[in-house]
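Note that the protein sequences, when read in sequence, are chains Z and V.
The UniProt record's numbering applies: residue 1 is where the first sequence begins, and numbers increase by one.
The UniProt record's numbering applies: residue 1 is where the second sequence begins, and numbers increase by one.
Heads up, the beta-carbon is just placed ideally off N, CA and C, and yes, glycines get one too.
Below: the structure, in structure tokens.
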Amino acid sequence: MSALATKRDDFYKDRSYDPLAKYGRDRSDLLSKLDSNSSSSAGIGSKALAGDKSSGLSSSDDKAASDAGVGFANLPNQIYRRAVRRGFEFNLMVVGESGLGKSTLLNSLFLSELYNADHMGPSKRIKKTVYVESHTVLLKENSVHLRLTLIDTPGFGDAVDNSNCWNPVLDYIDARFEDHLNAEQKVNRGQLIDSRVHCVLYFIAPTGHGLKPLDIEFMKRLHDKANVVPILAKADCMTMEELRDFKKTILNELAQHKIRVYDFPESVLAAAAAASGDSNAASAASDSCDDEKSIKRLKDRLPFAVVGANCLVESASKGSSGKVRGRAYPWGSVEVENLEHNDFLALRNLMLRTHMQDLRETTNSLHYENYRYLKLSGIAQESKFRTTDGKDPMAQMETEKRDHELKMRKMESEMEGVFEMKVKEKKQKLKDSEVDLQRRADQMRKQLEQQEAELAERRRQFEAEKRAWESAQAQGGGGDYGDMGGGGGVSATMDAIHSKEKSKSEKKKGLFK
Amino acid sequence: MTTVEVMKGLGPDVRTIKLNGHVGFDSLPDQLVNKNVAQGFSFNIMCIGETGLGKSTLMETLFNQRFEFTPSSHEVPQVKLKPHTYDLKEGSVKLKLTIIETSGFGDQVNKEDSSKPIIDYINQQFENFLQEELKIKRSLHTYHDTRVHVCLYFIAPTGHSLKSIDMVTMKKLDSRVNIIPVIAKSDTITKPELQRFKTRIQNEIANNDIHIYQFPTDDETVSEQNSIMKNLVPFAVVGSSDEITVNGRKSRARQYPWGAVLVYSEAHCDFVRLREAMLRVNMDDLRERTHAMHYEHYRRQRLAEMGFSDEDKLSLQEMYEKRRETHQAELQRKEEEMRQMFVVRVKEKEQELKKAEGDLQTKFEAVKKQHADEKRKLEEKRQGLDEEIAEFQRRKTAADNRNNLASGTSFTLSKSKKK
């Protein structure tokens, strides 16, 4: 780890523009502290375990332990190490008509032979239709491994009818998003290699007049899917004033059509400043101000007008000597890495040295999330499936299942309740009618008994009378008026009883009607 | 140098290109780290141990802060978890620290359910993260990660071996969270006893196949250090909130009549090594393991529960349609079943009631019949009586007629009698 630290120091020393040097130095300090701590604690620790008597406290030991604080300030370094061990991916897409110097620019950008005789640039591979091709190279700088994927679109804008020539490009970007989405949704997912398009360099032909309709159409469709960086190609055929006007026109047209290109936010550098430690607040502030100012100055050059070169020319500028990349003309040499000649350095520094991670981050958190949102809500909509709380429809089904179960259970208990109630009602009714019938039966019985009693009474009376009469008869044939009267009386009572009975039976009959 | 992750799985036609100068992408890790630092980090520690083992004190000592914990009593009826969140800052690093303490662990008479609240809490945090990840509109980079990154398991300093509750709890937790066992209040154990204790604990852990956190040794910068740490597990720690002055400097210590235990001394306890291992060297690895191993494990289980699998080769759309159809069909089927069951029951009950009604009806008919019978009998009786009366009347009238005939004479007779 210390080897890495010193190497980084060396590299940072020989760069003129280096916003991160401060941070680098700080980190190496922390790292060295870590090393010294580890060695000291390891040494003393093993000695203590071996049973050496160290009753007191070695002051250096305690000093180091308590001075170093808690220790989680070392977390960034741990993350740094892990990131380096993992390596990085960067997927760069270049789009533009043939002959605009795309391959040359990429070779200059990465200072290597990405495109050479064996691996031809896109302009030399044109087929009938526009297609998208990618090839991957591995770059290594200072123990940082970069897996760079270059995506070309040979044939873009070269046909006579260029309508919909952007479709293969858009499809490719969407396909990469979909791959990532599927990989993310798998049940068993391992380490995801990021294959999404992080940056699209769009080459604009140096007409000097403004954007072509094709440019506008393409960028309008692309700015929501990836970070678009417009590049003015072959900038060495325009003078400074022409360039200025050209850039202004382009910026106006972009604003007019509401195209949002990637604008290299300055917040990235603010984060770096904050992270480099508040301990050196004053110097850090001044440094970062410089850096922020220089970034701002570079940003003013947007869109970048660049020149690329595969050959070396004699350097004519004051500061340096020897050969540099450039293009030799009879009237002078254009140097690629000279900020006065073109914006190549601005592009390289901003894209690679300060905002590379931000490009990857924006792709992940903005464009990919947009795609995911549209895709998942699209699936939901197509199936007429309303997601109540914005959850993935698959997960929504789970909650739906649970809800349904609850609903079923409630329904079941409700139905049970209603059922029970109805049963109870019916039973109650039955019981009531039973009671009622019982009552009536009792009533009738009572009446019957009553009648029976009356009848018995009557019989008794009659019997008594009869006996009396018979005994009277037996006594003396003549009846006396008393008897007659009695007889009459008897007959009268008989009649009375008869009539009473008649009415009673009528009554009875009425009851049973 | 081991193969870098991104290099794995590449075809043979991928070239490694040599750079002819300094391009500058070696600042990429710096850019990455800066972004993370600006956002801030979150770290969640769970402390499990019996009441009174010094968990809160150790936390305060570890982070060199007063945390205002209230000590808990022994009468808690069930294990409860209390999370507290603090915002710390060291250098330029902002840390959102959450400390989850168990209260009432090991205090109950029946300790069988001790680990359930803990497992529920851990699963709940995983579940929250999973729900956030599954949302359609999600904001993962601003999400406050509450998953438990490390669990410090406090072992009582008995000097003998692990208690059975320790082994049971650790076994249940080892697949869900990184466990670092520590021996609490280790100033009650002498050095030789401590060594024996540690060895016995290490053996028991190995014998019972408990997967405590292994400090990573694949990064050569820290592998040496970490392998030393591995042999020190479980860490014998002493915590203290008091400071005494030693050698003219204030330092945390525990003052006894026979001497002072200096917390920061490596000869006295393993506190410094624990702090280093956990915070200074392996903090990122703890977080990474929680995310890549324990969380993925939970996620796999959960998705399998929900019925997902990786074998379907259909696109997302098709798979979704299919699942939705089956889902709907199943719901319909369940509803139908329930309805059918109810219909059957209603029919049954109706039959029963009808039968009861019929019974009642027949009963009533019987009663009525009986009543009619009785009435008939009564009528007969009456008729009989009427007939008798009529006969009696006839007899009487006949007798009267005879009497009348005779009464003419009898009249005179009576008259004569009267005369």
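So which residues on chain Z does residue i lean against when the C-beta distance must stay under 7 angstroms?
i	result
residue 29 of chain V	80, 83, 84 and 144
residue 300 of chain V	187 and 188
Interface residues of chain V around residue i at Cβ under 8 angstroms?
i	result
residue 423 of chain Z	349 and 353
residue 353 of chain Z	24, 25 and 27
residue 70 of chain Z	62, 63, 64, 88, 90, 275 and 279
residue 448 of chain Z	371, 374, 375 and 378
residue 462 of chain Z	385, 388, 389 and 392
Under 7 angstroms Cβ-Cβ, which residues of chain V neighbour residue i?
i	result
residue 74 of chain Z	280
residue 412 of chain Z	338
residue 434 of chain Z	360
residue 426 of chain Z	353
Which value, in whole angstroms, describes the spacing of the CA atoms of residue i and residue j?
i	j	result
residue 196 of chain Z	residue 133 of chain Z	14 angstroms
residue 176 of chain V	residue 295 of chain V	8 angstroms
residue 211 of chain Z	residue 123 of chain V	56 angstroms
residue 230 of chain Z	residue 207 of chain Z	14 angstroms
residue 83 of chain V	residue 246 of chain V	35 angstroms
residue 187 of chain V	residue 75 of chain V	27 angstroms
residue 419 of chain Z	residue 365 of chain V	30 angstroms
residue 14 of chain V	residue 91 of chain V	42 angstroms
residue 74 of chain Z	residue 311 of chain Z	45 angstroms
residue 233 of chain Z	residue 323 of chain Z	23 angstroms
residue 467 of chain Z	residue 435 of chain Z	47 angstroms
residue 130 of chain Z	residue 136 of chain V	34 angstroms
residue 327 of chain V	residue 181 of chain V	46 angstroms
residue 375 of chain V	residue 455 of chain Z	12 angstroms
Which chain Z residues sit within Cβ distance under 8 angstroms of residue i?
i	result
residue 288 of chain V	82
residue 20 of chain V	111 and 112
residue 345 of chain V	419
residue 294 of chain V	Result: empty, since nearest Cβ-Cβ is about 14 angstroms, beyond 8 angstroms.
residue 17 of chain V	110, 112, 113, 114, 137, 138 and 139
What would DSSP say about residue i, mapped onto helix, strand or coil?
i	result
residue 97 of chain V	strand
residue 84 of chain Z	helix
residue 219 of chain V	coil
residue 169 of chain V	helix
residue 205 of chain Z	coil
residue 330 of chain V	helix
residue 20 of chain V	coil
residue 403 of chain V	helix
residue 181 of chain V	strand
residue 29 of chain V	helix
residue 145 of chain V	coil
residue 76 of chain V	coil
Considering only residues of the same chain and omitting the five flanking positions on each side of residue i, which have a CB-CB separation below 6 angstroms?
i	result
residue 145 of chain V	42
residue 183 of chain V	155, 157, 234 and 236
residue 19 of chain V	none
residue 56 of chain V	69
residue 239 of chain V	54, 57, 58 and 61
Residues of chain V with CB closer than 9 angstroms to the CB of residue i, please, in chain order.
i	result
residue 373 of chain Z	136, 137 and 138
residue 514 of chain Z	In the structure as shown, chain Z starts at 1 and stops at 513, and residue 514 of chain Z therefore has no counterpart that could be examined.
residue 443 of chain Z	Chain V residues near residue 443 of chain Z: none, gap ~10 angstroms exceeds 9 angstroms.
residue 377 of chain Z	136 and 137
residue 469 of chain Z	392, 395, 396 and 399
Taking the DSSP output, what are the residues bridged to residue i?
i	result
residue 135 of chain Z	Z:150
residue 44 of chain V	V:98
residue 177 of chain Z	Answer is none; residue 177 of chain Z lacks a bridge partner.
residue 252 of chain V	V:243
residue 151 of chain V	V:46 and V:179
Ordered along the chain, which non-local residues of its own chain (more than five positions away) have a Cβ less than 7 angstroms from that of residue i?
i	result
residue 115 of chain Z	103, 106, 107 and 121
residue 52 of chain Z	Low confidence applies here, because residue 52 of chain Z scores a pLDDT of 30, under 50, leaving its location unreliable and the question unanswered by this model.
residue 302 of chain V	130
residue 289 of chain V	178
residue 179 of chain Z	195
Identify, in the order they occur along the chain, each residue of the same chain with its Cβ nearer than 8 angstroms to the Cβ of residue i, setting aside the five sequence neighbours on each side.
i	result
residue 396 of chain V	none
residue 146 of chain Z	87, 88, 89, 90, 138, 139 and 140
Which chain Z residues are close to residue i, counting only those with a beta carbon under 9 angstroms from its beta carbon?
i	result
residue 334 of chain V	404, 405 and 408
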